[in-house]
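A quick write-up on the structure given underneath.
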Amino acid sequence: MDPSKIAIPTLAAGASAASVGGYFYATSKQATVLDKVKESLKDHHRVLSSKDDSAWEKFKEVYKASKEKQISDVSEEKVNEWCESTLKETFTQDKYDKVMTWCVVYDRSIKDHVGTSLLPSSGEGVDGKWQKAWEKFEKDNSNAGVLKLSDDALVGSSKPSGKEDGGKALNKWCNDRYSMKMYELGAEDLSKKVEKWCSETQGT
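In terms of our numbering, the sequence shown opens at residue 6 and continues consecutively.
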């Protein structure tokens with residue numbers, strides 16, 4: 006066959022070598038840690054991609070308390086900076102695993118997480134419901150195991166003397182914790198206690 010008649014692939018009309026090169030660069034670009042995290046992010050979770058995110062104020066306390074799970078050579082004061090920089094780096098499984106632990110938070114309040122109806126702080130007939138909830142609390146708290154409350158305002162030297170004051174004290178305890186975020190230190194255990202002692206069923 007005449008070599009001159011062999012078809013030679015050419016660039017598409019209007020395309021340039023530079024644009025084709027750019028295409029290959031874009032398609033071969035390596036995924037960042039953030040790219041992979043976004044692909045696997047669960048509902049109500051968010052990435053702390055900025056070292057200035059307000060969630061760090063509380064989430065650093067969780068990091069500080071988790072001595073065995075901390076990132077090597079990364080202090081509680083630097084973990085936010087570590088997350089911000091590592092999320093931009095090329096994906097590796099090790100980085101991804103650490104980021105999913107320390108740079109992603111479950112961003113729901115205890116109230117939203119519990120999901121069941123909780124007693125409100127005020128409203129028609131609410132005081133009576135809190136008083137009933139208090140009576141159940143007084144009866145059952147000592148045998149509640151891990152759900153037992155030991156707060157001084159409820160069972161200590163400041164314990165209320167009657168159901169009226171008891172209802173108010175329990176109301177305050179519950180409502181002070183409704184807005185607590187699930188990524189805060191101790192929130193997981195507290196959410197179970199809130200579900201136990203602050204639900205509508207306790208007030209019936």
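Ideal Cβ positions, reconstructed from N, Cα and C, are used throughout, including at glycine. What you are looking at is a predicted structure, and each value in this text was computed from that prediction instead of being measured.
Residues bridged to residue i [DSSP beta-bridge criterion]
| i | result |
| --- | --- |
| residue 188 | In DSSP, residue 188 forms no bridge with anything. |
| residue 42 | DSSP lists no partner for residue 42. |
| residue 37 | 95 |
| residue 50 | 111 |
Contacts around residue i, its chain only, beta-carbon distance under 6 Å, and the 5 residues preceding and following it disregarded
| i | result |
| --- | --- |
| residue 21 | With a pLDDT of 42 at residue 21, under the threshold of 50, the modelled position of this residue cannot be trusted; read the value that follows with caution. Here the set comprises nothing. |
| residue 208 | 124, 134, 137 and 138 |
| residue 35 | 95 |
| residue 14 | Legend: pLDDT at residue 14 = 38, less than 50; position of this residue unreliable, value from coordinates given subsequently. Nothing meets the Cβ criterion. |
| residue 184 | 114 |
Beta-carbon proximity list for residue i, same chain, < 7 Å, skipping 5 on both sides
| i | result |
| --- | --- |
| residue 203 | 123, 124 and 179 |
| residue 81 | 65, 68 and 69 |
CB-CB length for residue i against residue j, believed under 8 Å
| i | j | result |
| --- | --- | --- |
| residue 114 | residue 186 | 6 Å |
| residue 158 | residue 174 | 6 Å |
Proximity winner among the options, relative to residue i (alpha-carbon distances)
| i | options | result |
| --- | --- | --- |
| residue 61 | 190, 194, 209 and 155 | 190 |
| residue 136 | 177, 79 and 48 | 177 |
| residue 39 | 158, 193, 103 and 181 | 103 |
| residue 42 | 101, 158 and 91 | 101 |
| residue 131 | 48, 59 and 172 | 172 |
Contact set for residue i: own chain, Cβ-Cβ below 8 Å, skip 5 residues either direction
| i | result |
| --- | --- |
| residue 197 | 151 and 152 |
| residue 205 | 121, 122, 123, 124 and 134 |
| residue 50 | 109, 110, 111 and 112 |
| residue 154 | 142, 146, 160, 178, 198 and 202 |
| residue 86 | 56 |
| residue 149 | 201 |
Complete runs of the alpha helix (DSSP H) confined to the stretch 95-122 [at least 4 residues]: The stretch 95-122 contains these whole alpha helix (DSSP H) runs: 98-107 and 115-119.
Contiguous alpha helix (DSSP H) assignments of at least 4 residues, all confined to the stretch 140-207: Taken in chain order, the complete alpha helix (DSSP H) segments of 4 residues or longer contained in the stretch 140-207 are 157-160, 168-183 and 192-202.
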